[in-house]
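Below: the structure, in structure tokens.
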Amino acid sequence: DALNRYEAGLADDRRTDAAAARECLDRDRERIAEAGGALLVACDGGRVVGFLALVFGRDEPYVVPDLRDYAMIAELVVDERARGRGVGRGLMAEAERRARAHGLRRIMVAALAANEAALATYRAAGYGDHMLTLQRRLD
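Residue 139 is where the sequence shown ends in this note's numbering, and the numbering goes up by one at each step.
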């Protein structure tokens, strides 16, 4: 729920209750059971300091066949006290290793447009812009 609380300050559509975090984890498990992937955890002294959900997917038929299958970092959370120590980079490196071992040629990650810290981290790790999703509220 730490990620939800953090993102609630960036977007007005985030739930911040513990049930939302459990539901996200359940959904990650469902996606992994359906298409493959892994839940990765980083620990320091027996305490969880990072978590990454890696999910495999298949893109639309208009994507060239050798890039159609992909890996997606669906969740990446690093405990605030462990940030800047390479935890996120380590989790991402392991996700990339697993994607390659699965025969995939691309890996993606998404972030809220307002999450400048996450975007900077991903770009520094070699990730580049691929798709932009726009939103309009219909209130």
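All C-beta atoms in this analysis are idealised placements derived from N, C-alpha and C, irrespective of residue type, glycine included.
Taking each of Ala35, Arg22 and Asp44 in turn and checking the Cα distance to Ala82, the smallest one comes out for Asp44. By the CB criterion at 7 Å, Ala118 and Ala124 fall outside the cutoff. Secondary structure of Leu54 (DSSP, three-state): strand. Taking a C-beta distance under 7 Å as the contact criterion, Leu104 and Ala71 qualify as a contact pair. With a cutoff of 7 Å on beta-carbon distance, Gly36 and Leu91 are scored as not near each other.
For the options Val78, Leu138 and Arg106, the alpha carbon positioned closest to that of His130 is the one of Arg106. Exposure of Asp26 is indicated by the presence of fewer than 16 other C-beta atoms within 10 angstroms of its C-beta.
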